[in-house]
Amino acid sequence: YFQMLYCEVMTMKTSKPLSLLLSLLTALAVLSGSIAAPLLCRPFYYAHIDALGLVEYTGLTREQITEAFDQMMDYCLGQRPNFAAGVLPFSASGASHFADVRGLFLLDLWVLVLSLAGLVVLFFWCRRKKARPHCFLGRGPGFWAASALGAIFLVVGGLAALDFDRAFVVFHALFFPGKENWLFNWWEDPVILILPQEFFRNCAVLVLTLLLTWCAVLIGADLWAASIRKKRREEVSRQGGCSGCPGCQG
């Protein structure tokens, strides 16, 4: 059975554009999924309330901090129409920054959904058309997506680790160009008190850890698949090929 399956796969037509598209969609899914983790996992923030001493630092109760964070995230994730932060007041400038943040968060979630949907559609399209992605240098699209993404973010993570304060400023300059509404005054926008820089640093660490883990999984899976293909080729070759498959004859 496995010999017949191998022969069927090897006689499928390969496509370079398909391989490039799969690499792109895989990279987008891994990147957007890693970013989505701290956005969707609220217990990750809750664990910081005691760890960072936010109750003592802000003078708020744990329940008030949780309520403020939940309402803020509900708005940023499109689950409520207007910005709110529990008992905490906010300025028009502060609210406008969270409107910008809302746009970025929703963009990330849409990229995640569409990239995963695209991968599913291409999977069934390949099955129907009997096509498979071209293996550049013997490696599949997952390998190249993970290698490129991993290399880029190892460099980015390394630079950020050297000076996170500078990286924090550069990040905001890139994603909020020409705006200064992310520079909060705590007396006008006390919501910044429940969002210390240490929390953002830990979010970055979580994103980088998840991203590199997925990259390692994809690279490992590709190397394992390559070894399986090699063993199948050797097995088919020893048995003289498969008379039913043109690609194996002789």
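The sequence shown runs 32 to 281 under this note's numbering. Where a beta carbon is used, it is the ideal one built from N, C-alpha and C, also for glycine.
- Every beta strand (DSSP E) of 3 residues or more that sits fully in the stretch 139–207 is shown, in chain order, as 162–164.
- Fully contained in the stretch 35–113 are the following alpha helix (DSSP H) runs of length 4 or more, in chain order: 47–71, 73–82, 85–89, 93–107.
- An exposed status is given to C72, since fewer than 16 other beta-carbon atoms sit within 10 Å of its beta-carbon.
- Scanning F174, E87, L85, I96 for the CA closest to the CA of V61 turns up F174.
- With a threshold of 16 other beta carbon atoms within 10 Å, T240 falls short and is exposed.
- Here L214 carries a coil assignment [DSSP, helix/strand/coil].
- Inter-segment contact for the stretch 156–165 and the stretch 74–84 is absent: fewer than three beta-carbon pairs are separated by less than 8 Å.
- Per the Cβ contact rule, the stretch 80–98 is not in contact with the stretch 251–263 (fewer than 3 Cβ pairs under 8 Å).
- Burial is judged here by how many other beta carbons sit within 10 angstroms of a residue's own beta carbon; P112 has fewer than 16 and is exposed.
- Straight-line measurement puts the Cα of L108 at about 13 Å from the Cα of A68.
- A Cβ-Cβ distance of about 7 Å is found for the pair A235 and A191, placing them in contact under the 8 Å criterion.
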